[in-house]
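Here's the structure, in structure tokens; my notes come after.
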DNA sequence: ATGGCCTACGTAGTAGGA
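Residue numbers (full-length UniProt numbering): 1 to 259.
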């Protein structure tokens, strides 16, 4: 089962690039971030015509997440628990069943800039809620994948120019500590289980020729529970998508699970 | 050459992103 994450930076703007990638990569399950669309305006038919079931959690103008799946999407849940006053559309869950049932948790973690400040406080509070959800997923002792745009650069080797990000909300010590608190509960960073060393990125800024100069950062991640990690066969970043026509500033990242 | 973006909303110029 091929499970992917892709921050598309606007579903309307990606009406050509996203189907092109789907037809090339043939993922079974995709979590999308930054659909920047309300549920009613989401072009479901584009995906249903390709055999995907579609569940969205959108809002007007920005944010918004969705799940596409060739398997039925069961027990769908929208919103990260822990704050009923949070109306930002950043979290969606569902269960898909191939050979095994897999809980899919798709996220668009807050950016948090400028830091410090209220947006950074929101990011850290959101990550505290994420940790609580992560603990519950581990306690279930079932295969689960938390994947999406984490807006976290885990280590210096995950940025081409780490010194440029030192005080940024994506790389500040508190951000990395919060991410490691989640990972260290017992999750596997799927990409780092398969690849070592610097030079692996999932985001390149539109500005300043960042793609041409390979000035990237690795901020899209798939964290696996132990039961999911046991099924891991492969993990890859589809970086070639960044060179296509009208690309997102992020590229897809995926795992292949024996499920 | 030390360069300089993209999207939604809405129809001009902000807000937000990373």
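In this text, a Cβ means the ideal position worked out from N, Cα and C, and glycines have one as well. Treat the numbers as computed from the prediction; the structure is a model and nothing was measured.
- What residue ranges within the region 188-250 form continuous beta strand (DSSP E) runs of no fewer than 3 residues, ordered along the chain? 220-224, 232-237
- Query: Over what stretch of residues does the beta strand (DSSP E) that includes residue 94 continue unbroken?
  - Reply: 91-97
- Task: Give the secondary structure of residue 48 by DSSP, where H, G and I count as helix, E and B as strand, and everything else as coil.
- Result: helix
- Message: On the CB-based measure, 16 or more other CB atoms within 10 Å of its CB, does residue 258 come out buried or exposed?
- Response: exposed
- Task: Compare the C-alpha of residue 15 against each of 251, 256, 246 and name the closest.
- Result: 246
- Counting pairs of Cβ atoms below 8 Å between the region 129-149 and the region 205-215, do you hit three or more? no
- So is residue 207 buried or exposed if we call it buried at 16+ other beta carbons inside 10 Å? exposed
- Item | residue 31 versus 183, 13, 53, residue with shortest Cα-Cα distance | 53
- Residue ranges of each alpha helix (DSSP H) within the region 160-191, 4 or longer: 173-183
- Message: How far does the alpha helix (DSSP H) with residue 132 in it extend, from its first residue to its last?
- Response: 118-140
- Task: Under 6 Å Cβ to Cβ from residue 95, same chain only, skipping five residues before and after it: list those, please.
- Result: 74, 75, 101, 103
- Message: Measuring straight from C-alpha to C-alpha, what distance separates residue 229 and residue 182?
- Response: 15 Å
- Message: What ranges does the beta strand (DSSP E) occupy inside the region 9-35, keeping only unbroken runs of at least 3 residues that lie completely in it?
- Response: 29-33
- Task: Report yes or no: do three or more beta-carbon pairs, one from the region 32-46 and one from the region 64-71, lie closer than 8 Å?
- Result: yes
- Query: Could you give the C-beta distance for residue 249 and residue 221, rounded to a whole number, given that I count them as a contact under 8 Å?
  - Reply: With 8 Å as the limit, residue 249 and residue 221 do not qualify as a contact, their Cβ atoms being about 16 Å apart.
- Message: Can you tell me whether residue 158 is helix, strand or coil according to DSSP?
- Response: helix
- Query: If you draw a straight line from the alpha carbon of residue 232 to that of residue 256, how long is it in whole angstroms?
  - Reply: 6 Å
- Between the Cα of residue 85 and the Cα atoms of 126, 137, 70, which residue gives the shortest distance? 126
- Item | Under the three-state DSSP convention, the category residue 258 falls into | coil
- Starting from the Cα of residue 90, find the closest Cα among 79, 49, 22 and give me that residue. 79
- Message: Per DSSP, what are the beta-bridge partners of residue 71 in this structure?
- Response: Beta-bridge pairing links residue 71 to no other residue.
- Query: Hey, how far is the Cα of residue 51 from the Cα of residue 45?
  - Reply: 10 Å
- Task: Kindly identify the DSSP beta-bridge partner or partners of residue 328.
- Result: Because the chain spans 1 through 259 in this model, residue 328 falls outside it and cannot be assessed.
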